[in-house]
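Presented below is the structure to which this report refers.
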Amino acid sequence: MRALRTLMLALGLTLCTGVQAGPAVYFVDHTIRAPGHAGTMRTLGFNRLALENDSAGEQRLHTQPLWSQMRGGGQWRSTDDLDPDDAIDAALIQLLNAGFKVRISADGTPGPMRAVDESAWARLLKQRPRAAQALVDAPQTLGLQVRALPDGLKAGQIIHQHARSPAIGRIETRLEVVAVDDAVAVLAMHIEGDTLSGNGRQAVRLADGMPLEVRLRLDMDAADGLPATEQRLRMVALDTIPMLDVSDSTAAMIRYEAERLAAPPFSGPSDDPTLYRNDPPPRGVLLQDMLAPEHLETIAAQLAFGVEPRSMGRARLVMGAEIKSDASGREDGPPPLFGRLRSVTLRDAAGRPLPGLEAVPVRPMLALVGQWRSDEGEADFPFRLPPGVRDEALAALATIDLEMEVETYAWDGVETVAYGEQPQSQPDARFDWVSPRRVGLEQARARPGETAALWSIAVPLDADGRPLPQASLMRGGRDAEALDWEWRHTPQRTEIATPAPIAAVELRRYHWRMVPHVLSFGRIESIE
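Heads up: the sequence shown runs through residues 10 to 537, numbered per the working numbering.
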């Protein structure tokens, strides 16, 4: 029973988010605060969902919780704390591995959620009836569902939807189309129900009404002896390549950028030489954090993992990497390994895949910088094993292979752009000429599925064609309430300020490309 409450919350977020036609993994971040009560409870997790259509126009949604962790009251409890030898935990493990199902009518209305393993459900219902019922009632409480949207959506259009849940009664949802393209609509949501109200945003795929991302703030009334709560929910499909900010660094980044932009030289001209740098990289040379494709195989990376026993729950995997050197001869050392994690294979000492032990990738992007360490008990671990895995199942594990697409760079060329003009060599790049001493460079961010494109830096020049000292700030922060989908579909912007007027800007282009590569982690006694 140690982690039962964790699962109640995590499962309560999986039902009505929607999913692509094939199985898709969603990240869940759910925070609950009860006004007048101390502390906040936060649940992080990953759920795999699959949708099937039948001939009558109905749909069947299958959801399988992969991992969840509750943080609150000074403790962290995870699903890998479950004990398969404990009768109640064993029933819960069976429920998780089999998953849950729900039928969705042709108009998008979800029916009740039911356990796939009816035997395990009956045992848990007998031993812990309230906890068991919470597993299937909680999704209805949130009132989220697959969106049945009309054709020909336009920005500003208002849509009203009505539903009723056995758990909370009436639910009225007002949707406003914020933005729409050929594939996805961004919706602003307002929800009113008999026992809840809330606001949020949602990115919905037009082809089938499936939300790719949800951000929601809910006020829930007191019920069943539990106090009223304020809740925040974020769910996002991992194949949209989202930024998973489990460390809550976004707010700090927004404050830092605002402070810099409010001070010289960005807020106004300044002659203070300490505010500028005068060391632009040489033409044709990669930047410090850029990896050349010809050096990918020469990087000397120490990759290893260990299996650390615990007093509660099964032993946990710990992975480590140290990027030591490469053959490029760079004085500043090797660049980081950065890329997209596509699949994970667990192998025995003979190199054979371990039978019956699936590893599901849950980190869309992975960066190995300097000395890197990742513990299975942390939310940013690269993959997840099924609930209920025993220590004996890890005994034969000798190698962990991460199949990656690694980001590599090559020099592409340079274009000199006169003040007030726009570049011609990179279609998605533009200059915002703010003032004679200020310019912003905007260029498109990488999109899901994109494997090659241009990325550039700007070097301001004086009237004689010499590089000017500059202060620069790459904008990374964003509105905490905005969707990751919206952020990714807005340009990446770099602010530049100089102590003297800008006559022209050199647009120095680099061509990035994703290259398949396997990182093999060998087993050692322990990871420091």
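All C-beta atoms, glycine included, are put in the ideal place defined by N, C-alpha and C.
Computed from a predicted model, the values in this text were never measured in an experiment.
* Asked: Using CA coordinates, which residue listed in Ala43, Met374, Arg382 and Tyr519 is at the minimum distance from Asp230?
  -> Ala43 is the residue among Ala43, Met374, Arg382 and Tyr519 whose C-alpha sits nearest the C-alpha of Asp230.
* To do: Can you have a look at Thr182 and say buried or exposed, based on whether 16 or more other CB atoms are within 10 angstroms of its CB?
  => buried
* Asked: Per DSSP, what kind of secondary structure is Leu133 in: helix, strand or coil?
  -> helix
* To do: Sort Ala301, Ala267, Gln501 and His71 by Cα distance to Gly523 and report the nearest one.
  => The amino acid at residue 523 is misidentified as Gly; the sequence shows Met. Closest by alpha carbon: Ala301.
* To do: Return the chain-ordered list of same chain residues with a C-beta closer than 6 Å to the C-beta of Asn208, the five sequence neighbours on each side being excluded.
  => Taking Asn208 as the centre and dropping the five residues before and after it, the same chain places the C-beta of His199 and Arg226 closer than 6 Å to its C-beta, in chain order.
* If we count Cβ pairs, one from each stretch, closer than 8 Å, do we get three or more for the stretch 432–449 versus the stretch 386–397? -> no
* Inter-residue spacing [alpha-carbon to alpha-carbon] between Met79 and Arg243 -> 15 Å
* Mind checking Arg518: buried by the 16 CB within 10 Å criterion, or exposed? -> Per the 10 Å Cβ criterion, buried.
* **Gly365 burial status per 10 Å Cβ neighbour count (16 or more: buried)** => exposed
* Does the stretch 271–285 touch the stretch 394–403, meaning 3 or more C-beta pairs lie closer than 8 Å? -> no
* To do: Over the uninterrupted beta strand (DSSP E) stretch that includes Glu268, give me the two end residues.
  => Taken as a continuous stretch (DSSP letters only), Glu268 belongs to no beta strand (DSSP E), being part of the alpha helix (DSSP H) at Thr259 to Leu270.
* Please go through the same chain and pick out, in chain order, the residues whose beta-carbon is closer than 6 Å to the beta-carbon of Ala246, but skip the five residues on each side of it. => Ala33, Tyr35 and Leu221
* **Inter-residue Cα distance where the pair is Leu58 and Gly108** => 9 Å
* **Residues of its chain near Leu296, where Cβ-Cβ distance is below 7 Å and the 5 sequence neighbours each way are ignored** => Pro290
* Assuming Leu312 and Ala330 make a contact with CB atoms under 8 Å, what is their CB distance in whole Å? -> 5 Å
* Paired residues, beta bridge with His199 - DSSP -> Arg183 and Asn208
* Asked: For Thr503, which residues does DSSP report across the bridge?
  -> For Thr503, the pairing in a beta bridge is given by DSSP as Leu450 and Met483.
* To do: Tell me where the beta strand (DSSP E) around Ile536 begins and ends.
  => Looking at the DSSP string, Ile536 is not in any beta strand (DSSP E), and its letter there is neither H nor E.
* Nearest-angstrom Cα distance between Glu239 and Leu411? -> 39 Å
* Using beta-carbon positions only, say whether Val37 and Thr52 come within less than 9 Å of one another. => yes
* List the endpoints of the continuous alpha helix (DSSP H) containing Arg243. => Looking at the DSSP string, Arg243 is not in any alpha helix (DSSP H); the run it does join, the beta strand (DSSP E), is Thr238 to Ala246.
* Use the C-beta contact count for Leu516: other C-beta atoms within 10 angstroms, 16 or more gives buried, fewer gives exposed. => Classified as buried, Leu516 has 16 or more neighbouring CB atoms from the shown chains inside 10 Å of its CB.
* Asked: Which residue or residues does DSSP assign as beta-bridge partners of Asn56?
  -> Tyr35 and Pro74
* Asked: Span of the beta strand (DSSP E) holding Arg372?
  -> Where Arg372 is concerned, there is no enclosing beta strand (DSSP E), given that its DSSP letter is neither H nor E.
* Heavy atom of the ligand FMN within 8 Å of Gly485 beta-carbon -> No copy of the ligand FMN occurs in the structure displayed, which carries no ligand at all.
* Asked: Do you know how far the Cα of Val443 is from the Cα of Gly81?
  -> 47 Å
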